[in-house]
Structures are given as C-alpha cells and as structure tokens.
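Chemist: Numbering (the numbering used here), first residue to last: 31 to 477. Virtual Cβ for every residue (Gly too), placed ideally from N, Cα, C. Fair warning: this is a prediction, and the values are worked out from it, not measured in the lab.
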Amino acid sequence: MSAVLHRNLKKTLPTAVEGSAGYIVDDSGRKYLDACGGAAVSTLGHSNGRVIAAIKDQLDKISYAHTGTFTNEPSERLAAELVARAPRGFGDGRAMFLGSGSEAMEAALKLARQYHVENGQPERSRIIARDMAYHGNTLAALSVGGHRQRREPYTPLLLDVGRVPACYEYRLRKDGESQEEFGLRSANALEAEILRLGADTVAAFVVEPVSGATLGTVPPVPGYFSRIREICDRYGVLLIADEVMCGSGRTGTFFYLEQEGISPDIITIAKGLGAGFQPIAATLASEKVVNVMLAGSGTLWNGHTYMSHAVACAGALAVLRELDERDLLANVTRQGAKLGAKLRERFGQHANVGDIRGVGLFWSIELVADRDTKAPFSTSAGLAGRIKSSAQELGLLLYPAAGCVDGEQGDHVLIAPTFDVSDSELDFIVDRLDAALRSCLPQALAA
Ligand SMILES: Cc1ncc(COP(=O)(O)O)c(C=O)c1O
C-alpha cells in the first residue's frame, strides 16, 4: 500500500523508472510514447542532455539564496529573455518565477489588484473569466476557472467571479453566423459583463488564449482577441493571458497571442517553460503594470519562499537554448500541420468524432454520440477515462478529459507531443488512437 496521497487512493499505478526522448518506461519494462507530455509539459521529451547538464551545473554553483536578500544569475537572464520574447509592451516589463501554473495565476491576479490599488483605483477588485476555463487548483485560480466539477466541492471557499462564455466555435457558433460575427458576439459578452458588474469595479479579464484541458485545444476565431483588447482598454480592465498550457512554444510561437497580434497586460506561462525537468512557472508584468508599481510603492506585495529558484531558472534557460538552436518552434508549426492533417484524414468522416481542432502541436478531437445533433456520450460511459486506459495498454499516452460540453458531459482527447516528434511517431499516435477508439466506442454507444 502506497503512503503517497495519490489522485486515486484505490488504484495502483505503474512506476515510471526511465525517460528516453519522447518515451516513458515503467517498472515492468513497458515503453509508452508520451503523446501528451503529461499535461502538455514535456516539450523536449524525457532525457534532454543539455537541460539536465544545466541543472546539475547550477546545483554545483548555488541552488537557493533567499530572494529578499539576493538575486541569482539564471533568474536575471531568464527574465530578460522572456520579456524580450514577449509581445510589445513587455520590453521594460518584468518576470517573476514560481513553482506551478496555479501559483503563477495567483500572482497574476494579485498583480492586477496591486496595479489598480497603486493606480488610485482601489474599488477595482472584480475579476471576469470564461466558462469552461481551467486556471489551476489553488483557491483563487479555481475561482476564476469555469470547470464545474472541479469547483463544486469548494464552492463555499471560492471568490465571486464574473463569467462570460468561452469562444467555443464548435458548440456556440449559431447556424448562419460567420466566424467573425461569432467572435464579435463572444467578445461583446465581456463588455456586457463589465457593465453589469460596474465598469469601475472590474480589475481584470482572465483568459486562456487557446483553451486547454477543459475544452480541448480550442483556438479563438479571427477578430475575437482584437475586440477583447479594445473592450479591456475602453474600460481600464487588465487583460491577463493564461498561457500556462498553450504558451512556451506549444502553438508554434513562444506566446500564442503573438499570432493574434495583440498584447495582454499580464501573461502566465508554466508547463513547457521547464519542460518537466524542474517545476517552474512565470508571471510576466507589462511595462504598464511595472510603471505603476515603480511610481507607487516600488515593491511587489506578493512573495514566496522558493520564487526565482536558481536551479529551476537554469533549467528553463537551457530549454530556451534548445528551442532556439534546434529551431524547434518551426518544427512545431511543421509537424503540427501534419498532425492536424493526419487527424482530419483519419477521423474527418468518423461517425463519433464531432470536431478536430488545434494549433501547433496542440490538438484535440471531440467525441460525440451523434455527429448531426452533436449529442455527447452518456457520462455513465466514462469514455474519456476508457480511452486513456485503452491507449496506455497500446503503448500510447494521451490526455483525454470529460466535461467539454457543460463541465460534466462531453469527451475530448488532447494530443500534445514533443516538439521534435517524428513523422513515424505521428503515424503511431493516429493509429493507436484509432485502435483505442475502436475498442472503447462500442461499449460507450451501448451505455
Ligand atoms: C491554462 C492553465 N492554467 C493554469 C494551470 C495550473 O497549472 P498547475 O497545474 O501547474 O498549477 C493549468 C494546468 O493544467 C492550465 O492548463
């Protein structure tokens, strides 16, 4: 019996004993192609020599010195590199480093609050977020998240957050509505919510630019984000982009919002930043935010013991070197287009695949009991969980999840392979996913 408080207290998990490129080997010797990087984390696979060497090297120099007293070289270099890569408006911005995406989101929300207080608008405290978003599991991050099941037991502890619909084209675009009209309608819901709450009470709008775990890699429609930016500017609301999952190169650019040509005020990144070699996340504050802090208290009101950890930052710097020197983001775009094409070719006409969506190496298929009505499978079928187990039996690690329709109903399968995934590995992913569907769908249809 394990003494670890696992996610499932009754299940015995295989032990991962070895990582090699895009593969994980367990204690029974079974080898799995990791096509989801856990939760879109392992962008460089599980055995990157350069990152491991950088981490060991930093351990030999110094690992921990309190950030109230000292800075360290890796965090200084990493912050400078990230603000230089960020969209315009971050050049003289700053970055803080934390241990998880949830912590980065807490820091982002607190930073937004600090900005308004220091800017002479302490009445701005309300946050608006989208339905079906996931922003993490700490209490404020869970409050802004819109995943009904995950929130449910904690409801009495959560903040009261304003809510707008996600930009979820497959289910929310109306018949006869163009993508642009849908984008405008979705974005305008933010304006309505700001006005409902009282424009001078709203601090920030929080959004995953490409929805990740809850909806399954839903990119925005054209025009959505430029309208969102306009609305935020008009009402003095900060735009917080949660790129914890979709950032760090996963979509082919380091920050997804580069592709939309707009700049948020605060950005969070995590998963691919450390690529799984060390836990690390970042919250980036734009010049606009930093300038108010500089003109005000000149301090950051939110600190943590392990922030800007030298070893984690050294690992992340080596991850950036790998991305640059191996031109991996070009590979993300190239192999991502192939993955999308292969998924469409294989499942485009599949009776139970309602939607195939994604960008870069960040793709999902959404499963439906009926393609015409888009009816989801019965929750009692537990389809997402079955597909995960079945694919694992077949040597493939995927990230299926339930709840994309309304927090409970709806099943999708998320695919997020390593940035250097090969053509034959893409074929393996599509073949084994197909086999997993063939083994699970009959039972789900009968449920
Ligand atoms: C978009 C997004 N934000 C925040 C988080 C929380 O990150 P963590 O699990 O590292 O706390 C996640 C995790 O999946 C995420 O996908």
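Where does residue 146 fall in DSSP's three states?
Modeler: helix
Chemist: Say the cut is 7 Å; is the CB of residue 288 nearer than that to a heavy atom of ligand 1?
Modeler: The answer is no for residue 288.
Chemist: Where residue 91 and residue 307 are concerned, what is the direct C-alpha to C-alpha distance, given to the nearest angstrom?
Modeler: 18 Å
Chemist: For residue 259, which residues of its own chain have a beta-carbon under 7 Å away from its beta-carbon, when the five flanking residues on both sides are left out?
Modeler: 269 and 292
Chemist: Pull the bridge partners of residue 50 from the DSSP assignment, please.
Modeler: 53
Chemist: Give the secondary structure of residue 186 by DSSP, where H, G and I count as helix, E and B as strand, and everything else as coil.
Modeler: helix
Chemist: Residue 272: beta carbon under 7 Å from a heavy atom of ligand 1?
Modeler: yes
Chemist: To the nearest angstrom, how far is it from the Cα of residue 333 to the Cα of residue 378?
Modeler: 49 Å
Chemist: Taking just the CA atoms, how far does residue 217 sit from residue 68?
Modeler: 31 Å
Chemist: Could you tell me how far apart the beta carbons of residue 56 and residue 45 are, in whole angstroms, since I believe they sit closer than 8 Å?
Modeler: 6 Å
Chemist: What number of angstroms, rounded off, separates the C-alpha of residue 359 from the C-alpha of residue 273?
Modeler: If I take the Cα positions, the gap works out to 16 Å.
Chemist: Using a threshold of 8 Å, state whether the C-beta atoms of residue 312 and residue 299 are closer than that.
Modeler: One thing to note: residue 312 has its Cβ within 8 Å of the Cβ of residue 299.
Chemist: Any heavy atom of ligand 1 closer than 7 Å to the beta-carbon of residue 429?
Modeler: Not under cutoff, so the answer is no.
Chemist: Would you identify the three-state DSSP class for residue 406, choosing helix, strand or coil?
Modeler: Under the three-state reduction of DSSP, residue 406 is assigned to coil, being neither helix nor strand.
Chemist: Looking only at its chain, what residues have a beta carbon closer than 7 Å to the beta carbon of residue 398, apart from the 5 residues adjacent to it on each side?
Modeler: 382, 384, 404, 405 and 406
Chemist: Which residues does DSSP pair with residue 429 in a beta bridge?
Modeler: 444
Chemist: Can you tell me whether residue 368 is helix, strand or coil according to DSSP?
Modeler: helix
Chemist: With a cut-off of 8 Å on the beta carbons, I'd call residue 66 and residue 429 a contact; round off their distance for me.
Modeler: 4 Å
Chemist: What residues match up with residue 192 in a beta bridge as DSSP calls it?
Modeler: 158, per the DSSP bridge assignment.
Chemist: Which runs of the beta strand (DSSP E) spanning at least 3 residues fall entirely within the stretch 297-348, listed in chain order?
Modeler: 311-315
Chemist: Decide if the stretch 84-103 is in contact with the stretch 360-370; the criterion is three or more beta carbon pairs, one per stretch, under 8 Å apart.
Modeler: no
Chemist: Where does residue 144 land, buried or exposed, given buried means 16+ other C-beta within 10 angstroms?
Modeler: Note on residue 144: 16 or more other CB atoms within 10 angstroms of its CB, so buried under the neighbour-count rule.
Chemist: Going by Cα to Cα distance, which pick from 161, 402, 54 and 317 is closest to residue 438?
Modeler: 161
Chemist: Would the beta-carbon of residue 218 be found less than 7 Å away from any heavy atom of ligand 1?
Modeler: The answer is no for residue 218.
Chemist: Taking only heavy atoms of ligand 1 into account, decide whether any of them is closer than 7 Å to the Cβ of residue 69.
Modeler: yes
Chemist: Over the uninterrupted alpha helix (DSSP H) stretch that includes residue 212, give me the two end residues.
Modeler: From DSSP, the alpha helix (DSSP H) with residue 212 extends over 209-227.
Chemist: Would residue 448 and residue 280 be called neighbours here (beta carbons separated by less than 8 Å)?
Modeler: no
Chemist: Can the beta-carbon of residue 460 be found less than 8 Å from the beta-carbon of residue 373?
Modeler: With respect to residue 373, residue 460 sits close: the two C-beta atoms are nearer than 8 Å.
Chemist: By Cβ distance, which residues of its chain are closer than 8 Å to residue 309, with the 5 residues on each side in sequence left out?
Modeler: 129, 130 and 342
Chemist: Using DSSP bridges, identify the partner residues of residue 386.
Modeler: Beta-bridge pairing links residue 386 to 395.
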